[in-house]
Amino acid sequence: MASATAVPSDLDIAQAAHLVPIAQIAADLGLDEDEIELYGKYKAKIDLAARDRLNSRPMGKYVAVTGITPTPLGEGKTTTTVGLGQGLNKIGKKAIVCIRQPSLGPVFGIKGGAAGGGYSQIVPMEDFNLHLTGDNHAVSMAHNLMSAFLDNSLYQKNPLDIDPQTITWKRVVDLNDRALRNIVIGLGGKENGIPRETGFDISTASEIMAILALTTGLHDLQERLGRIVFGQGRDGRPLTAKDLKVDGAMAVLMKDAIKPNLLQTLENTPAFVHAGPFGNIAHGNSSILADEIALRVGEFCVTENGFGADLGFEKFCNIKCRTSGLRPDAAVLVCSIRALKAQSGRFRVVAGKPNAELLVEDAAAVEAGSVNLVKHIENVRTFGVPVVVAINCFPADHRSEIDVVKRVAKEAGAYAVCEANHHSQGGEGARELAEATVSAASAGANFQFLYPLDLPIKEKIEAIAVKMYGADGVIYLPDAERAIRMFVKYGYDKLPICMAKTHLSLSHDPNLKGRPSGFTVSVRDIKLSAGAGFLYALLGDMRTMPGLGATPSGEHMGIDAQGKLFGLF
4 MASATAVPSD LDIAQAAHLV PIAQIAADLG LDEDEIELYG KYKAKIDLAA RDRLNSRPMG
64 KYVAVTGITP TPLGEGKTTT TVGLGQGLNK IGKKAIVCIR QPSLGPVFGI KGGAAGGGYS
124 QIVPMEDFNL HLTGDNHAVS MAHNLMSAFL DNSLYQKNPL DIDPQTITWK RVVDLNDRAL
184 RNIVIGLGGK ENGIPRETGF DISTASEIMA ILALTTGLHD LQERLGRIVF GQGRDGRPLT
244 AKDLKVDGAM AVLMKDAIKP NLLQTLENTP AFVHAGPFGN IAHGNSSILA DEIALRVGEF
304 CVTENGFGAD LGFEKFCNIK CRTSGLRPDA AVLVCSIRAL KAQSGRFRVV AGKPNAELLV
364 EDAAAVEAGS VNLVKHIENV RTFGVPVVVA INCFPADHRS EIDVVKRVAK EAGAYAVCEA
424 NHHSQGGEGA RELAEATVSA ASAGANFQFL YPLDLPIKEK IEAIAVKMYG ADGVIYLPDA
484 ERAIRMFVKY GYDKLPICMA KTHLSLSHDP NLKGRPSGFT VSVRDIKLSA GAGFLYALLG
544 DMRTMPGLGA TPSGEHMGID AQGKLFGLF
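My numbering applies: residue 4 is where the sequence shown begins, and numbers increase by one.
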């Protein structure tokens with residue numbers, strides 16, 4: 004079996020950690036005292052003036068961490084991102100970790116904490132997983148302020164001549180609450196507004212969250228907020244937040260949220276935690292601003308992409324890198340033995356329910372599931388980026404299974420394949436991975452986008468579906484066809500594409516495991532995120548407001564007599 008050993012719970016490890024005052028972490032990065040805003044002793048915000056001051060410094064290496072298609076067992080992408088950052092520091096490289104801030108929905112739902120795991124975590128993990136510095140609340144308030152202005156405009160004799168049937172802007176809350184998916188507002192008489200059907204999304208699905216992750220500064224933020232399209236006039240023209248005259252007020256609410264948050268790992272490696280756009284509906288990456296600062300204060304910026312290389316990494320390249328102008332030097336592709344077995348389709352895997360069969364040595368199942376890994380390696384290499392495969396090791400992994408992954412990955416063109424024991428050993432267990440990442444990042448990437456922006460909308464969608472998913476082609480339902488005609492008419496057809504699909508399969512169908520083939524992608528509709536700067540194509544029925552399971556994680560949480568939190572993952 005692999006050398007990884009059993010470890011205490013994530014929360015127990017985090018609460019036993021020795022934290023360095025965040026002011027010291029900031030000083031070690033070369034940040035001035037007036038460039039940080041303390042939120043207690045162990046977290047701070049970084050003023051954007053620091054980015055401007057540091058702009059003349061040489062850039063560090065840019066490393067993206069992605070993964071295979073997720074399973075309920077998890078592949079350990081966040082844990083590997085943190086572990087790699089710690090491992091790079093172990094070998095004498097100054098590394099900064101950049102990840103998204105989690106939503107409270109998954110924290111209290113099925114997932115629990117999202118700060119990494121074992122001895123590769125970001126701390127204080129309680130603060131990280133809960134309110135942190137209030138960014139998610141600022142996003143929610145800015146979003147709902149626009150909702151209030153919109154309904155007030157309807158109430159005030161509708162001066163913009165809004166067609167209520169075209170309104171796409173809902174309200175948001177940072178919780179899983181299926182009862183709010185579809186609601187009716189304005190009931191109880193004319194003084195309570197105009198009755199209409201609407202609903203709630205989870206805050207991470209808000210376009211404002213995507214804007215926060217993609218903005219390049221305060222002025223750009225307000226301009227992007229003003230471009231948000233909430234519906235159409237009766238003459239068919241798109242109507243925006245600027246038309247509602249709410250863009251300035253929204254920017255005011257976001258003035259502090261735009262500043263990246265600085266925390267640390269268990270080994271005191273600096274960690275920027277900023278923005279948390281939905282990985283399915285939006286582009287699923289942390290902020291450009293955090294990455295820009297990290298690249299100026301460190302030798303390596305290790306930034307995590309949401310879900311697999313068909314989603315988070317593809318969107319990182321085609322959306323985030325287009326906006327930032329930054330280019331990755333290398334990618335790390337995370338897999339685990341259990342997740343590869345699950346991709347074989349030979350096991351019934353249910354979230355939160357252990358399957359003892361997955362612990363039995365079965366190299367054949369690993370080989371069968373590794374077709375998924377191969378496709379993700381191909382996806383990364385399509386962008387001209389060298390890829391290092393990280394096998395996130397656990398005690399139940401067998402040598403024969405690990406050897407299969409190493410052989411298959413090398414045959415598929417991986418730059419290197421490494422056993423990573425950062426979960427049980429922290430940075431020490433990621434030394435091999437760190438060394439391979441340094442080598443890959445120095446090898447020279449030949450980065451290229453998947454498509455040019457001036458391609459027609461359908462050709463951009465088809466490039467993603469065929470090259471990233473392995474589809475035979477794409478069909479467009481009537482709503483999608485109508486949307487395309489409108490986007491062309493009003494000049495939105497030159498935007499990049501953000502595919503909204505399941506993360507549970509390379510295809511649009513969550514039941515298709517491994518490396519599906521012989522399928523056609525059906526585009527149900529295409530929506531506009533003009534402020535974020537992309538079109539998102541809906542493949543299937545995508546939920547923007549999750550629900551709670553039968554036994555939510557929140558049932559097991561509380562505070563003991565000494566004031567310590569428990570049950571938080």
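Just so it is clear, CB atoms sit at the ideal spot from N, CA and C, and this is done for glycine as well.
This one's a predicted model, so the numbers in the text were calculated from it and none came from an experiment.
Discussion item. Quick check on Gln235: buried or exposed, where buried means 16 or more other Cβ atoms within 10 Å of its Cβ?
Written reply: buried
Worksheet item: What are the uninterrupted segments assigned as beta strand (DSSP E) that are 3 or more residues long and contained completely in the region 447 to 513, given in chain order?
Response: 476 to 479, 500 to 503
Worksheet entry | Helix, strand or coil at Asn283 according to DSSP, with G and I counted as helix | coil
Fill in: Close Cβ partners of Ala274 (< 8 Å) along its chain, the five nearest in sequence each way excluded
Val85, Gly88, Ile99, Val100, Cys101, Ile102, Ile125, Leu265, Leu266, Gln267, Thr268
Worksheet item: Tell me which same chain residues have a C-beta within less than 6 Å of the C-beta of Leu541, skipping the five on either side of it?
Response: Ala503, Arg527, Asp528
Discussion item. Can you check which of these residues, Leu436, Gly534, Met560, Thr554, is closest to Leu91 by C-alpha distance?
Written reply: Leu436
Item to complete: From the DSSP output, in three-state form, read off Ile529 for me.
Response: strand
Fill in: 8 Å Cβ cutoff met for Leu571 and Glu129
yes
Practice prompt. Would you check if the distance between the CB atom of Phe203 and the CB atom of Lys245 is smaller than 8 Å?
Written response: No.
Worksheet item: Among the residues of its own chain, which have a CB less than 6 Å from the CB of Arg54, if the five just before and after it don't count?
Response: Once the five neighbours on either side are set aside, the close Cβ partners of Arg54 are Glu295, Ile296.
Worksheet item: Taking the Cβ atom as the reference point for each residue, do Ile188 and Thr201 lie within a distance shorter than 8 Å?
Response: yes
Worksheet item: Taking C-alpha atoms, which residue in Asp177, Ala399, Gly119 lies nearest to Leu362?
Response: Ala399
Discussion item. Distance cutoff 8 Å, beta carbons only. Does Pro459 sit that close to anything in chain C?
Written reply: Absent from the structure: chain C. Only one protein chain is present.
Worksheet item: Sorted by chain position, which residues of the same chain lie with C-beta nearer than 7 Å to Glu431's C-beta, five sequence neighbours on each side aside?
Response: Lys93
Worksheet item: Where Met545 and Pro513 are concerned, what is the direct C-alpha to C-alpha distance, given to the nearest angstrom?
Response: Roughly 11 Å between the two C-alpha positions.
Worksheet item: Which runs of the beta strand (DSSP E) spanning at least 3 residues fall entirely within the region 140 to 203, listed in chain order?
Response: 174 to 176, 186 to 188, 199 to 201
Fill in: Three or more C-beta pairs below 8 Å linking the region 340 to 356 and the region 62 to 72
yes
Fill in: Simplified DSSP assignment, three categories, for Ile205
strand
Discussion item. Can you tell me whether Gln159 is buried or exposed? The criterion is at least 16 other CB atoms within 10 Å of its CB, across all chains shown.
Written reply: exposed
Worksheet item: Do Ala213 and Ala535 have their C-beta atoms closer together than 8 Å?
Response: yes
Worksheet item: What residue range is occupied by the uninterrupted beta strand (DSSP E) comprising Gln565?
Response: Premise fails: Gln565 is in no beta strand (DSSP E) and is neither H nor E.
Worksheet item: With burial defined as no fewer than 16 other Cβ atoms inside 10 Å of the residue's Cβ, what is the status of Ala446: buried or exposed?
Response: exposed
Fill in: Segments of 3+ residues assigned as beta strand (DSSP E) that fall wholly inside the region 294 to 337
Whole beta strand (DSSP E) segments, 3+ residues: 303 to 307.
Worksheet item: According to DSSP, is Ser373 helix, strand or coil?
Response: helix
Worksheet item: What are the boundary residues of the beta strand (DSSP E) that includes Gly70?
Response: 64 to 70
Discussion item. Pop quiz: Tyr122 and His379 are said to be a contact at Cβ under 8 Å. What is the actual Cβ separation, rounded to whole angstroms?
Written reply: Not really, about 26 Å apart at Cβ, beyond 8 Å.
Item to complete: For Phe281, count neighbouring Cβ atoms within 10 angstroms of its own Cβ and tell me buried if that reaches 16, exposed if not.
Response: buried
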